[in-house]
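Report on the structure given below.
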Amino acid sequence: MIENPSLIFLLSSLAGLLVLSGFFSGSETGMMASNKVKLKNLSKKSHKGAARAIELLKRPDQLLSTILVGNNFANILASAIVTIIMIEYFNGNVLLGSVILTIVILIFSEITPKTIAAIKPEAFATKSSLLLKSLLYIFRPLIILINKISSYFLNIFNVDLKDANDNDNLNTEELRTLLDDSGDLIPKSYRYILSSVLGMEELVVEDIMVPISEIIGIDLNANKNTAKKIIESAEYTRLPVYENDIDNIVGILHLKDSNEFINRYESNEELKGLLLKSYFVSQSTALMKQLKEFQVHDRNMGLVVDEYGEIQGLITIEDIFKEIVGKFGNEST
Numbered sequence: 001m002i003e004n005p006s007l008i009f010l011l012s013s014l015a016g017l018l019v020l021s022g023f024f025s026g027s028e029t030g031m032m033a034s035n036k037v038k039l040k041n042l043s044k045k046s047h048k049g050a051a052r053a054i055e056l057l058k059r060p061d062q063l064l065s066t067i068l069v070g071n072n073f074a075n076i077l078a079s080a081i082v083t084i085i086m087i088e089y090f091n092g093n094v095l096l097g098s099v100i101l102t103i104v105i106l107i108f109s110e111i112t113p114k115t116i117a118a119i120k121p122e123a124f125a126t127k128s129s130l131l132l133k134s135l136l137y138i139f140r141p142l143i144i145l146i147n148k149i150s151s152y153f154l155n156i157f158n159v160d161l162k163d164a165n166d167n168d169n170l171n172t173e174e175l176r177t178l179l180d181d182s183g184d185l186i187p188k189s190y191r192y193i194l195s196s197v198l199g200m201e202e203l204v205v206e207d208i209m210v211p212i213s214e215i216i217g218i219d220l221n222a223n224k225n226t227a228k229k230i231i232e233s234a235e236y237t238r239l240p241v242y243e244n245d246i247d248n249i250v251g252i253l254h255l256k257d258s259n260e261f262i263n264r265y266e267s268n269e270e271l272k273g274l275l276l277k278s279y280f281v282s283q284s285t286a287l288m289k290q291l292k293e294f295q296v297h298d299r300n301m302g303l304v305v306d307e308y309g310e311i312q313g314l315i316t317i318e319d320i321f322k323e324i325v326g327k328f329g330n331e332s333t
């Protein structure tokens with residue numbers, strides 16, 4: 001035990017411990033309040049502090065244990081030093097010392113650093129990450145012991161630490177809320193498009209397909225003028241071609257081949273060789289999945305079939321894009 005320590009040394013040690021306590025308090029708030037998307041963006045830009053913070057946040061139990069062990073260690077040691085000071089220099093008025101220390105810790109080691117960290121959490125987290133990671137390594141045996149004990153009690157309350165990582169994943173409603181709260185950061189027109197995209201995950205092909213009764217195609221048995229009119233008035237770059245009945249589709253005509261198609265039509269030449277092979281999609285396919293399928297298979301149009309393979313309608317990649325931005329003009333005007 002130290003005998004008759006100098007007041008200057010004790011006060012300097014006390015100040016250092018209060019700063020250390022403030023560091024741990026601020027680190028706790030900074031780490032827990034940090035926006036993980038911002039940290040990931042900083043990490044992609046080779047920000048080492050952000051990368052360390054992300055690594056620490058993967059195990060919040062170990063991180064919090066390190067912070068709390070350090071904070072309690074600093075506060076307990078500060079309390080011991082104040083006790084020594086009060087006994088040695090202030091006639092043993094320990095109660096007064098405890099009251100003063102509590103006020104000082106509350107203002108300078110709790111409220112102030114936590115407020116700073118709450119205002120700039122990422123800055124605090126990245127700067128504190130190196131020391132926290134070092135302390136986590138130094139105190140690892142103690143941290144592991146503490147975590148095992150705390151895990152026992154967490155299990156009693158059915159708390160799974162794996163759920164901590166699940167909190168990083170936002171569902172559709174949460175993403176919509178972020179869009180609504182983005183203010184002027186995202187223009188209103190763009191917000192509408194993004195909101196439309198989010199709503200797409202609830203839709204399937206059947207919801208926006210052109211019903212079979214409304215499909216416009218070319219009947220191989222129709223006359224040339226009828227075929228010409230259909231091609232000239234086509235809304236899409238591809239048209240289904242059928243024989244006698246729309247249920248009997250033989251292929252898809254790309255409009256870039258329409259002149260050759262008409263020429264062959266006039267000379268009664270074989271037409272099917274000009275047609276693209278029909279591409280079939282299930283009516284229950286999610287719309288966003290179908291968009292990806294169109295891109296993967298380099299297709300722009302698909303014939304929609306039910307579970308029995310019967311044609312129910314038609315869908316194009318243009319239809320999906322229109323669904324995304326269909327009301328864009330109305331919203332932006």
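With the UniProt record's numbering applied, the sequence shown covers 1 to 333.
Heads up, the beta-carbon is just placed ideally off N, CA and C, and yes, glycines get one too.
Checklist entry - How many whole angstroms separate the CB atoms of I208 and I315, which I take to be in contact at a CB cut-off of 8 Å? => result 7 Å
Checklist entry - Roughly how many angstroms lie between the CA atoms of S13 and I105, to the nearest whole one? => result S13 and I105: Cα-Cα distance of roughly 14 Å.
Next on the checklist: Less than 7 Å between C-beta atoms, sequence neighbours within five positions excluded: which residues of the same chain meet that for T285?
Outcome noted: V204, V205
Checklist entry - Residues bridged to H254 by DSSP? => result In DSSP, H254 forms a bridge with R238.
Item to check | Euclidean distance between Cα positions of A227 and L179 | outcome: 47 Å
Checklist entry - Given I81, which residues of its chain have a CB within under 8 Å of its CB, disregarding the five upstream and five downstream residues? => result L10, S13, L14, L17
Checklist entry - Considering T316, what are the terminal residues of the beta strand (DSSP E) in which it resides? => result 311-316
Checklist entry - In this structure, does DSSP put K327 in helix, strand or coil? => result For K327, the predicted model reports a pLDDT of 48, less than 50, meaning its position is unreliable; a value from the coordinates is still stated below. Coil.
Checklist entry - Relative to the alpha-carbon of P141, which residue among K292, Q62, I193, I84 has its alpha-carbon at the smallest distance? => result Q62
Next on the checklist: With a threshold of 8 Å on Cβ separation, who are the neighbours of Q283 within its own chain once the five nearest residues in sequence on each side are excluded?
Outcome noted: Same-chain partners within the cutoff: V204, V205, E206, M209, V304, V305, D306, Q312, G313.
Checklist entry - Which class does F294 belong to by DSSP, given the choice of helix, strand or coil? => result helix
Item to check | Beta carbon of S94 nearer than 8 Å to that of T112 | outcome: Just to set this straight, residue 94 is Val in the shown sequence, not Ser. Contact flag unset, no.
Item to check | Alpha-carbon to alpha-carbon, N155 and I107 | outcome: 36 Å
Item to check | Cα-Cα separation, residue 393 to Y192 | outcome: The structure shown does not extend to residue 393, since the chain is modelled only from 1 to 333, so the question has no answer here.
Item to check | Backbone CA spacing between L56 and K133 [nearest angstrom] | outcome: 7 Å
Checklist entry - Among E260, E323, L64, which has the Cα closest to the Cα of L287? => result The option with the nearest alpha carbon to L287 is E323.
Item to check | Terminal residues of the alpha helix (DSSP H) in which M31 lies | outcome: 7-33
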